[in-house]
Every structure is written in C-alpha cells, then in structure tokens.
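Keeping their order, the protein sequence lines are chains R and D.
So in the UniProt record's numbering the end of the first sequence lands on 58, straight run, no missing numbers.
So in the UniProt record's numbering the end of the second sequence lands on 254, straight run, no missing numbers.
All remarks here apply to the structure that follows.
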Amino acid sequence: MNDFLAMGGYGAYVWSAYAVFFVVLALEALAPRATRRRVLADLRGRLKRRDARNEASA
Amino acid sequence: MNALTLWFHKTGSPPTAYRLAGRIMPWCYGLGLVLGLVALYGGLVLAPRDYQQGDAYRIIFIHVPCAWMSLFAYFFMAANAFIALVWRIKLSEVLAMAAAPIGAAFTFITLVTGSIWGKPMWGTWWTWDARLTSELVLLFLYLGVIGLHAAIEDRRQAARAAGFLALIGIVNIPIVHFSVNWWNTLHQGSTVRLMGPSKIDASMIWPLLLMALATHVWFFGSVLARTRIGLLELDGGKDWVRAIALDDDKEAHA
Numbered sequence: 001m002n003d004f005l006a007m008g009g010y011g012a013y014v015w016s017a018y019a020v021f022f023v024v025l026a027l028e029a030l031a032p033r034a035t036r037r038r039v040l041a042d043l044r045g046r047l048k049r050r051d052a053r054n055e056a057s058a
Numbered sequence: 001m002n003a004l005t006l007w008f009h010k011t012g013s014p015p016t017a018y019r020l021a022g023r024i025m026p027w028c029y030g031l032g033l034v035l036g037l038v039a040l041y042g043g044l045v046l047a048p049r050d051y052q053q054g055d056a057y058r059i060i061f062i063h064v065p066c067a068w069m070s071l072f073a074y075f076f077m078a079a080n081a082f083i084a085l086v087w088r089i090k091l092s093e094v095l096a097m098a099a100a101p102i103g104a105a106f107t108f109i110t111l112v113t114g115s116i117w118g119k120p121m122w123g124t125w126w127t128w129d130a131r132l133t134s135e136l137v138l139l140f141l142y143l144g145v146i147g148l149h150a151a152i153e154d155r156r157q158a159a160r161a162a163g164f165l166a167l168i169g170i171v172n173i174p175i176v177h178f179s180v181n182w183w184n185t186l187h188q189g190s191t192v193r194l195m196g197p198s199k200i201d202a203s204m205i206w207p208l209l210l211m212a213l214a215t216h217v218w219f220f221g222s223v224l225a226r227t228r229i230g231l232l233e234l235d236g237g238k239d240w241v242r243a244i245a246l247d248d249d250k251e252a253h254a
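Rendered as structure tokens:
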C-alpha cells in the first residue's frame, strides 16, 4: 500500500494531479445544481411581482 | 409537415427537450463515473511502470483525456453556435453555451496536470512553447465566451454574440492539435494515433481510451444538466417553466 502511495517517488506529483482532476470535476458537476436553484428562485420572484401588479391594476 | 420535420420540431421544443434531457442526464453521469473508476483502476494499479518516466507517467490517464475533451468541447460548442447563427435554432444556442463552462473546466485540468507532470519530467512547471501557449489561449477563449454570454441581458442576443466569438476562436483548435508537429518543443509528440500504430503498450492504452470514453459521457451528462437550466431561463415566462418553479418551491419547503 505504501509503495502504491509513493508512486516510485513521484507520489506528490501524481496524487496532486489526480486531486485537481477530481476537485474540478466535482465542482463542475455541483455548479448546475446551485445555478438551477438560483434561476428558479429568480423566476418565482418575478412571478410574484407580476401577480401583485396584476392584482393592483384589477 | 412531414413526419421527420414534425419529430424534429417536437423534440427541439423547450419543454420536450427539457424532459428528455432530464431522463438521459443521470445515465450519462452514472456511466461516466463507473467507466472512469474502472479506467483509474487500470491506470493506477494494473498498468506497469514506464521504463523511462517511472510512475510519473500515470498522470497521462487524466491529462490526455482532458486535453482531448478541451478540444472536443470546443468543437461541440462551435458546431452548435454555427447551427444557432445560421438556422436560428434556440436549442442549439443553449447547447453551445452549456458546453463552454465544461470545456473551460477540462482545459484548466489539462493545463494544471500538464504543469504538475512537467516539473519532474522537464524540470519546469511552464514553458512558453506552442502547445502550452495555444492551450492557454483556448482557456481564455472559453472564459471570453462565458463572460460575453453573462454580460448581455437578453439571453438570445447573448448566445448569438458569444456564439460568434466561439466561431472566430475555432482557428485556435488546429494550432493546439498540430503544434507538437509544427514546432520543436519540450512537449512530447502524440502517443495515441488514429492513423498508424500508437506508441504505447496495450496495457497502458486501454485505461487511457476508457477514461476518454468516460469523460465524453460525463461531458454529455453535464451538457444536458446545463441545457435544462438554459431552457428554463429562455422560456422564463411560459406556463411549463412556471409549473416547475412552483413545484421546486414546494419541494424546498417540504
């Protein structure tokens, strides 16, 4: 196991490269979830304002 | 309208495309993850040590697939931008803009992992050679497209302007690809070739190709996730989006 982690002396390079790969792709996969929540919340706000306007003018 | 045109119009209509994308997306993410993990096992455990580079070469199993993706995502973005500009198809505008952040992510990974690989092998983190510089330009092109798209209020005008920029930037793609043949450089030449024999052993090439497949599938999952959001933004005032927005609120408070 230690041999595996050491990667023949290149452990720090190999594992940091793989860490970058995983972290960036994880963020890339999570980003759309956050955007989706924000877009839908924006839409609800706009709908609410529109309904309020319609009621005021009716 | 004939059957094919009808099918095309229906599938391309935002609510249908949204539903279809939602059904395919989890399979892409799931398949990409499974294939990627198998490829990692093959690359990190099963593949033998390289006779010249030792274990440092194992960075190839993420560096090269991500580099291919950085070009593939750009090609996907530019092709959709072209369709969007010529035929004014809304879905293509959304698809093109969905690909930009994913391409930027893969380009970023390519640059960073390449730099980490370069330090022990070349003795430097960075050199201003043609391959590295053109890949950096690729990252700036992605960021330019994302920035331009975000800066314009009207979603359709934003997609059209950013799509135009994406099309101009396509001149950079062959430069990235052929740079190692055109100029002398520290960067090694192509390892895997479509024409002629690859310069890599079978035990090393299968994890590499499998990871390439995994990143492609993952890319499409992510494109679909982002396309769904783009469609919601594009059709913001429509009834079907309104229903989704209200449903989402109920779920959040349940």
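Ideal Cβ placement from N, Cα and C applies to all residues, glycine included.
Keep in mind that this is a model prediction, so the values were computed, not measured.
ask   = Are the beta-carbon atoms of tyrosine 10 of chain R and alanine 162 of chain D separated by less than 9 Å?
value = No, the pair does not count as a contact, with Cβ atoms beyond the cut-off.
task = Could you please tell me which residues of the stretch 103-114 of chain D, in chain order, have their CB closer than 8 Å to any CB of chain R?
result = Answer set for the stretch 103-114 of chain D: Ala105, Phe108, Ile109, Val112, Thr113.
key: Contact set between the stretch 214-243 of chain D and chain R, restricted to residues whose Cβ is under 7 Å from the partner   = The residues in question are Ser222, Ala225, Arg226, Ile229, Leu232, Glu233, Gly236, Val241, Arg242.
query = DSSP on glycine 54 of chain D, reduced to helix/strand/coil?
reply = Under the three-state reduction of DSSP output, glycine 54 of chain D falls in the strand class.
Chain-ordered chain D contacts of leucine 25 of chain R [CB-CB under 8 Å] = By Cβ distance, chain D contributes Ala105, Ile109, Trp218.
request  = Under 9 Å between beta-carbons, which chain R residues line up against lysine 119 of chain D? List them in chain order, please.
outcome  = Here the neighbours are Tyr13.
Contacting positions in the stretch 52-68 of chain D - beta carbon closer than 8 Å to chain R = Residues are counted here when their Cβ sits less than 8 Å from a Cβ of chain R; for the stretch 52-68 of chain D these are Gly54, Asp55, Ala56, Arg58, Ile59, Ile62, His63, Cys66, given in chain order.
query = Nearest to arginine 228 of chain D by CA position, among D/Met97, D/Met121, D/Phe82, D/Arg193, is which residue?
reply = The residue from D/Met97, D/Met121, D/Phe82, D/Arg193 with its alpha-carbon nearest to that of arginine 228 of chain D is D/Met97.
query = What span of residues does the alpha helix (DSSP H) with tryptophan 27 of chain D cover, start to end?
reply = Where tryptophan 27 of chain D is concerned, the enclosing alpha helix (DSSP H) starts and stops at 14-41.
inquiry  = Cutting at 6 Å between CB atoms, please list the residues of its own chain near threonine 191 of chain D, excluding the five before and the five after it.
reply    = Lys199, Ile200.
task = Return yes when the Cβ of alanine 214 of chain D is within less than 9 Å of the Cβ of proline 65 of chain D, no when it is not.
result = Result yes, Cβ atoms of proline 65 of chain D and alanine 214 of chain D sit closer than 9 Å.
ask   = Can you find at least 3 beta carbon pairs, one from the stretch 91-111 of chain D and one from the stretch 13-24 of chain R, that sit closer than 8 Å?
value = Short answer: they touch.
key: Top-ranked residue by Cα proximity to alanine 202 of chain D, from D/Thr11, D/Asp50, D/Ile24   = The residue among D/Thr11, D/Asp50, D/Ile24 with its C-alpha nearest the C-alpha of alanine 202 of chain D is D/Asp50.
query = Which chain C residues are close to aspartate 248 of chain D, counting only those with a beta carbon under 7 Å from its beta carbon?
reply = No chain C is present in this structure, whose protein chains are R and D.
message = Taking the alpha helix (DSSP H) that histidine 216 of chain D belongs to, which residues open and close that run?
response = In this chain, the alpha helix (DSSP H) harbouring histidine 216 of chain D covers 202-234.
task = Give the single residue among D/Thr11, D/Ser70, D/Thr113 whose Cα lies nearest to the Cα of isoleucine 59 of chain D.
result = For isoleucine 59 of chain D, the nearest C-alpha among the options comes from D/Thr113.
inquiry  = According to DSSP, is arginine 88 of chain D part of a helix, a strand, or is it coil?
reply    = Residue state, collapsed to three classes: coil.
query = isoleucine 83 of chain D touches chain R at which residues, Cβ-Cβ below 7 Å?
reply = Below the 7 Å Cβ cutoff, chain R contributes no neighbours of isoleucine 83 of chain D, its closest Cβ being approximately 23 Å away.
key: Neighbour list for glutamate 55 of chain R in chain D, Cβ cutoff strictly below 7 Å   = Residues of chain D passing the Cβ test: none, with the nearest at roughly 17 Å.
ask   = Can you tell which of D/Gly169, D/Gly237, D/Pro14 has the C-alpha that lies nearest to the C-alpha of glutamate 93 of chain D?
value = Of the candidates D/Gly169, D/Gly237, D/Pro14, the one whose C-alpha sits nearest the C-alpha of glutamate 93 of chain D is D/Pro14.
ask   = Assuming alanine 100 of chain D and isoleucine 146 of chain D make a contact with CB atoms under 8 Å, what is their CB distance in whole Å?
value = So it is a contact: roughly 5 Å between Cβ atoms.
ask   = For isoleucine 168 of chain D, which residues in chain R fall below 7 Å Cβ to Cβ?
value = Within 7 Å Cβ-Cβ: nothing; isoleucine 168 of chain D doesn't reach chain R, min ~25 Å.
query = At a CB-CB cut-off below 9 Å, which residues of chain D make contact with glycine 29 of chain R?
reply = Here residue 29 of chain R turns out to be alanine, not glycine, going by the sequence shown. Neighbours of alanine 29 of chain R on chain D, chain order: Tyr29, Trp218, Gly221, Ser222, Ala225.
message = Please classify valine 45 of chain D as buried or exposed, where buried requires at least 16 other C-beta atoms within 10 Å of its C-beta.
response = Exposed is the call here.
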